[in-house]
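Undergrad:
In our numbering, the protein residues as written are 147 to 414.
1) How is residue 222 classed by DSSP in three states: helix, strand or coil?
2) Taking 9 Å as the cut-off, decide whether the C-beta atoms of residue 389 and residue 176 are in contact.
3) By Cβ distance below 8 Å, which residues in the same chain neighbour residue 236 in space, the five residues on each side in sequence not counted?
4) Report the three-state DSSP secondary structure of residue 278 (helix, strand or coil).
5) Between the beta-carbon of residue 313 and the beta-carbon of residue 256, is there less than 9 Å?
6) List the endpoints of the continuous alpha helix (DSSP H) containing residue 228.
7) So residue 316 is in the alpha helix (DSSP H); what residue range does that whole segment cover?
8) Closest to residue 263 by CA distance: which of 353, 383, 394, 337 is it?
9) Does the segment 247-256 touch the segment 280-293, meaning 3 or more C-beta pairs lie closer than 8 Å?
10) For the alpha helix (DSSP H) holding residue 308, just list the boundary residues, first then last.
11) When you compare the CB positions of residue 181 and residue 376, do they come within less than 9 Å of one another, or not?
12) Of the choices 265, 267, 368, 276, whose alpha-carbon is the least far from that of residue 247?
13) If you follow the alpha helix (DSSP H) that residue 210 is in, where does it begin and where does it stop?
14) With 16 as the cutoff for other CB atoms within 10 Å, does residue 328 come out buried or exposed?
15) From this set, 345, 412, 346, 340, which residue's C-alpha is nearest residue 358's C-alpha?
16) Counting Cβ pairs closer than 8 Å, one from the segment 395-411 and one from the segment 190-197, do we hit at least three?
17) Excluding five sequence neighbours on each side, which residues of the same chain lie with their C-beta closer than 6 Å to the C-beta of residue 238?
18) Can we count residue 378 as close to the ligand MG, meaning its CB is less than 8 Å from some heavy atom?
19) Here's a check: name, in chain order, each residue in its chain whose Cβ is nearer than 6 Å to the Cβ of residue 259, leaving out the five neighbours to either side.
20) Would residue 222 and residue 191 qualify as a contact pair, given that the criterion is a beta-carbon distance under 9 Å?
21) Beta carbon of residue 354, beta carbon of residue 228: below 9 Å?
22) Leaving out five residues before and five after residue 299 in sequence, what residues of the same chain have Cβ atoms less than 6 Å from its Cβ?
23) By the three-class DSSP mapping on this structure, what secondary structure does residue 446 have?
24) Restricting to Cα atoms, I'd like to know which of 311, 414, 406, 413 is closest to residue 188.
25) On a CA-only basis, which of 225, 210, 344 is nearest residue 174? Give me that one, please.
And the structure:
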């Protein structure tokens with residue numbers, strides 16, 4: 147292979163990030179944003195409020211797809227006190243972090259299943275075991291996956307939809323797409339999956355897949371994915387905390403300079 151796939155994965159996401167910068171205010175992902183960009187976003191919110199007042203917040207919130215930022219903008223727009231903003235922002239943060247953690251676990255189960263060529267049926271059982279009540283029936287998953295593979299053979303598949311893996315997907319769609327990858331791995335072999343990397347939005351899943359393709363063993367992949375999951379969640383939680391406290395500071399009427407000082411606490 148002429149180039150390490152880990153580098154290809156990173157290059158793809160860097161290019162994607164650069165391309166998407168022009169629409170940062172309406173379609174961005176807190177998980178993928180650098181800490182500096184999060185601070186810059188909230189400082190820009192403060193500046194616009196100073197110049198235009200709070201009226202623009204409604205439109206900004208309506209045009210923002212990022213779930214936590216959207217919620218915090220709603221809290222900022224509300225009549226809640228700064229203390230209540232922090233309280234309910236924390237509740238939302240905990241809910242989103244739980245959802246992210248579960249989705250990363252499901253991705254990891256799929257990746258580790260591919261690394262050992264495990265039967266996709268067993269992989270699905272492991273996935274479903276992470277829920278108190280299964281969100282989808284086994285038959286639904288395999289019927290949908292079989293239809294996707296058939297369309298792929300016919301050349302009529304929307305690959306960006308059905309070969310995408312993204313933590314922002316609904317849980318049922320995520321499970322189906324994960325099992326599609328496990329079925330593809332059994333059918334084509336792990337090393338043939340590199341062509342699908344460009345359809346994957348989740349860097350976490352894409353890097354796990356690249357480790358398999360590059361020939362790393364189960365134990366190394368498991369260790370790496372567990373470590374990366376913790377790092378991603380810790381950093382995302384830190385960015386959420388920054389957003390929440392800056393929002394509370396804006397609500398309290400703190401100056402731009404004070405907000406900038408608060409934000410700098412999150413940098414080395």
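Just so you know, even glycine gets a beta-carbon here, dropped at the ideal spot from N, CA and C.
TA: Let's see:
1) Start at 1 with the first residue of the chain shown, and residue 222 comes out as number 76. Helix.
2) The count along the chain shown starts at 1 and reaches residue 389 at position 243. The count along the chain shown starts at 1 and reaches residue 176 at position 30. Yes; because the gap between Cβ atoms is below 9 Å, this pair is in contact.
3) As a working note, residue 236 is residue 90 in the chain shown. Around residue 236: 390.
4) Taking the chain shown and counting its residues from 1, one reaches residue 278 at position 132. Residue 278 falls in the coil class under three-state DSSP.
5) Taking the first residue of the chain shown as position 1, residue 313 is located at position 167. Taking the first residue of the chain shown as position 1, residue 256 is located at position 110. No.
6) Here residue 228 refers to the residue found at position 82 of the chain shown. First-last of the alpha helix (DSSP H) with residue 228: 228-261.
7) As a working note, residue 316 is residue 170 in the chain shown. Run containing residue 316: none; DSSP gives neither H nor E here.
8) Your numbering for residue 263 matches position 117 in the chain shown. Here the closest residue by C-alpha is 337.
9) no
10) On the chain shown, position 162 is the one that residue 308 refers to. 305-308 is the extent of the alpha helix (DSSP H) around residue 308.
11) Stepping through the chain shown from its first residue, residue 181 is reached at position 35. Stepping through the chain shown from its first residue, residue 376 is reached at position 230. It is not a contact, given that the beta carbons lie outside the stated cut-off.
12) To locate residue 247, count along the chain shown from 1; it is residue 101. When each option's Cα is compared against that of residue 247, the closest is 276.
13) To locate residue 210, count along the chain shown from 1; it is residue 64. Run containing residue 210: none; DSSP gives neither H nor E here.
14) Translated into positions along the chain shown, residue 328 becomes position 182. When all chains shown are included, residue 328 counts as buried.
15) Residue mapping note: residue 358 aligns to position 212 of the chain shown, counting from 1. Nearest C-alpha to residue 358: 340.
16) yes
17) By 1-based counting over the chain shown, the position of residue 238 is 92. Same-chain partners within the cutoff: 217.
18) This structure does not include the ligand MG; it has no bound ligands of any sort.
19) As a position in the chain shown, residue 259 is number 113, starting the count at 1. Contacts found: 269, 328.
20) What you label residue 222 is simply residue 76 of the chain shown in a count that begins at 1. What you label residue 191 is simply residue 45 of the chain shown in a count that begins at 1. It is a contact, given that the beta carbons lie within the stated cut-off.
21) The residue labelled residue 354 in the question sits at position 208 within the chain shown. The residue labelled residue 228 in the question sits at position 82 within the chain shown. Contact flag unset, no.
22) For the purposes of this step, residue 299 is taken as residue 153 along the chain shown, with counting starting at 1. Nothing listed; no residue qualifies.
23) Residue numbering for the chain in the displayed model covers 147 to 414; residue 446 lies beyond these limits and cannot be assessed.
24) Looking up residue 188 in the chain shown gives position 42. Considering only alpha carbons, the answer is 406.
25) Walking along the chain shown from the start, residue 174 turns up at place 28. Residue 210 is the option with its Cα nearest to residue 174.
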